[in-house]
Amino acid sequence: MPNERPDLLPTPVHRFQLGQFEVTTILDGAQRRDGISPPFGIDQDECVVSALARDNKLPVHAFENTFTPTLVNTGKELVLFDTGNGASRRSSGAGFLRNRLSLAGYKPEDVDIVAFTHMHPDHINGVWEGDQPAYPNARYVMGQREFDVWSKGDAIPERRADNRALFLRLISPLAEEMTFLAPGNDIAGGIRAVEAFGHSLGHMAYMIESDGKALLIWGDVTNHYALSLQRPDWHAAMDDDRVLAVTTRKRILDMVATDNLLAIGHHMPFPAVGYVERMGGAYRWLPLTYQLKV
Ligand SMILES: [Zn+2]
Numbered sequence: 007m008p009n010e011r012p013d014l015l016p017t018p019v020h021r022f023q024l025g026q027f028e029v030t031t032i033l034d035g036a037q038r039r040d041g042i043s044p045p046f047g048i049d050q051d052e053c054v055v056s057a058l059a060r061d062n063k064l065p066v067h068a069f070e071n072t073f074t075p076t077l078v079n080t081g082k083e084l085v086l087f088d089t090g091n092g093a094s095r096r097s098s099g100a101g102f103l104r105n106r107l108s109l110a111g112y113k114p115e116d117v118d119i120v121a122f123t124h125m126h127p128d129h130i131n132g133v134w135e136g137d138q139p140a141y142p143n144a145r146y147v148m149g150q151r152e153f154d155v156w157s158k159g160d161a162i163p164e165r166r167a168d169n170r171a172l173f174l175r176l177i178s179p180l181a182e183e184m185t186f187l188a189p190g191n192d193i194a195g196g197i198r199a200v201e202a203f204g205h206s207l208g209h210m211a212y213m214i215e216s217d218g219k220a221l222l223i224w225g226d227v228t229n230h231y232a233l234s235l236q237r238p239d240w241h242a243a244m245d246d247d248r249v250l251a252v253t254t255r256k257r258i259l260d261m262v263a264t265d266n267l268l269a270i271g272h273h274m275p276f277p278a279v280g281y282v283e284r285m286g287g288a289y290r291w292l293p294l295t296y297q298l299k300v
């Protein structure tokens, strides 16, 4: 495999049991990004953002963006949430999801449903492999509103023009194989769409429930494990509706903390699974370690 990051090996796959369901997170890859504000806290003084980074023992000149799709085996269906970066970033550290499925004991042909949280490149690029569907036996599921706004285009911010072209190229051709969801709809037994609009205009989260255990796959409701949780009010450059994204971030974080839910975030540090603890008026990310194993 080209361009593997030795420092991220040997375990880019993490698995735990949620009731009767098997949940596997798979690291699609990681990329270094220059600076920290932008993209985080763009409505704040730069030194305020830098101070919070330093409080968290983080550098201010760069950060690492990781990408972690999730695979849920319900016993009846194998559901993949988001498809990672695909071939587009394989020369720069990401796009290895499909290849790493085998480390989880699956083949691309085994995936029954591909469910999208939203239409940003790091979530949709991996849906095709060359000119072939990357998961050839899968049907597709996504939010109705998300599909409509990207199709229509007039509400999409100008800075997402390339992203819209990507949507039209990769996702529009799949429309006939797509099931469109409203918030509250089930995509399979025990998997329900949860409204999380803001990061993208029709972004969906997914609640996974089995045998009284629950997990929220929150997609990109947060994009940084420290900055987005400790200052959920701060505007982030990658949010398409920054005001709505703040409202949604606070609502989802409040729900996860209050209900003591397990959460998976696409950009949380691998294995991207954790809990959320309330901390004053804000929150703290508590990464999952061995709680579910002992
Ligand atoms: Zn993302």
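At the far end of the sequence shown sits residue 300, using our numbering, and the numbering has no gaps.
All C-beta atoms, glycine included, are put in the ideal place defined by N, C-alpha and C.
Remember, it's a predicted structure, so these values are computed and weren't measured experimentally.
Near ligand 1, which residues have their beta-carbon closer than 6 Å to a heavy atom?
Going by the Cβ distance cut-off, the answer is His126, Asp128, His129, Asp226, His272, His273.
According to DSSP, is asparagine 169 helix, strand or coil?
DSSP places asparagine 169 in helix when its eight states are reduced to three.
Are the Cβ atoms of glycine 99 and glycine 90 separated by less than 8 Å?
Cβ atoms of glycine 99 and glycine 90: not closer than 8 Å.
Just to confirm the assignment, what range does the alpha helix (DSSP H) spanning threonine 264 have?
Where threonine 264 is concerned, the enclosing alpha helix (DSSP H) stretches over 248 to 264.
Have a look at asparagine 105 and glycine 286 and give me their C-alpha separation to the nearest angstrom.
When rounded, the distance between both Cα atoms is 42 Å.
For glycine 47 and serine 216, which I take to be in contact (beta-carbon distance under 8 Å), what is that distance rounded to the nearest angstrom?
Not really, about 37 Å apart at Cβ, beyond 8 Å.
Do aspartate 34 and leucine 77 count as a contact pair if the criterion is CB distance below 8 Å?
Their beta carbons are not under 8 Å apart, which means leucine 77 does not touch aspartate 34 by this criterion.
How about alanine 57 and arginine 39: do their beta carbons lie closer than 8 Å?
Cβ atoms of alanine 57 and arginine 39: not closer than 8 Å.
In chain order, what residues of the same chain lie with their CB nearer than 7 Å to the CB of asparagine 229, ignoring the 5 residues before and after it?
Result list for asparagine 229: Ala242, Met244, His273, in chain order.
Using three-state DSSP, classify glycine 301 as helix, strand or coil.
This structure does not reach residue 301, given that the chain is present from 7 up to 300, and the question cannot be answered.
Residues in its own chain within less than 8 Å of glutamate 152 by CB, not counting five upstream and five downstream?
Closer than 8 Å at the Cβ level, and outside the excluded window around glutamate 152, lie Phe122, His124, Met125, Ser206, Leu207, Gly208, His209, Met210.
Tell me where the alpha helix (DSSP H) around phenylalanine 365 begins and ends.
Limits of the chain in this structure are 7 at one end and 300 at the other, which puts residue 365 out of reach.
Please report the straight-line C-alpha distance between alanine 202 and threonine 80, rounded to a whole angstrom.
Alanine 202 and threonine 80: Cα-Cα distance of roughly 23 Å.
First and last residue of the alpha helix (DSSP H) that includes histidine 129?
Element bounds for histidine 129: 127 to 130.
What do you get for proline 75, buried or exposed, if any count of 16 or more other CB atoms within 10 angstroms of its CB means buried?
The residue is buried, with at least 16 neighbouring Cβ atoms inside 10 Å.
Taking three-plus beta-carbon pairs below 8 Å as touching, is the segment 139 to 149 in contact with the segment 108 to 120?
Yes, the segment 139 to 149 touches the segment 108 to 120.
So what does DSSP say about aspartate 118, is it helix, strand or coil?
Aspartate 118 falls in the coil class under three-state DSSP.
Rounded to the nearest angstrom, what separates proline 18 and aspartate 160 at their Cα positions?
Taking the straight line joining both Cα atoms gives about 39 Å.
Would you say glycine 196 and isoleucine 214 are within 8 Å of each other, going by their C-beta atoms?
It is a contact, given that the beta carbons lie within the stated cut-off.
Counting only the same chain and skipping the five closest in sequence on each side, list residues whose C-beta sits under 7 Å from that of alanine 171.
Same-chain partners within the cutoff: there are none.
With distance defined between alpha-carbon atoms, name the residue in Val133, Leu235, Asp239, Ala110 nearest to valine 29.
The shortest Cα separation from valine 29 among Val133, Leu235, Asp239, Ala110 belongs to Ala110.
If you draw a straight line from the alpha carbon of leucine 221 to that of arginine 255, how long is it in whole angstroms?
Using only the alpha carbons, I get a separation of about 16 Å.
Need the endpoints of the beta strand (DSSP E) that glutamine 23 sits in, please.
Segment 19 to 24, the beta strand (DSSP E) holding glutamine 23.
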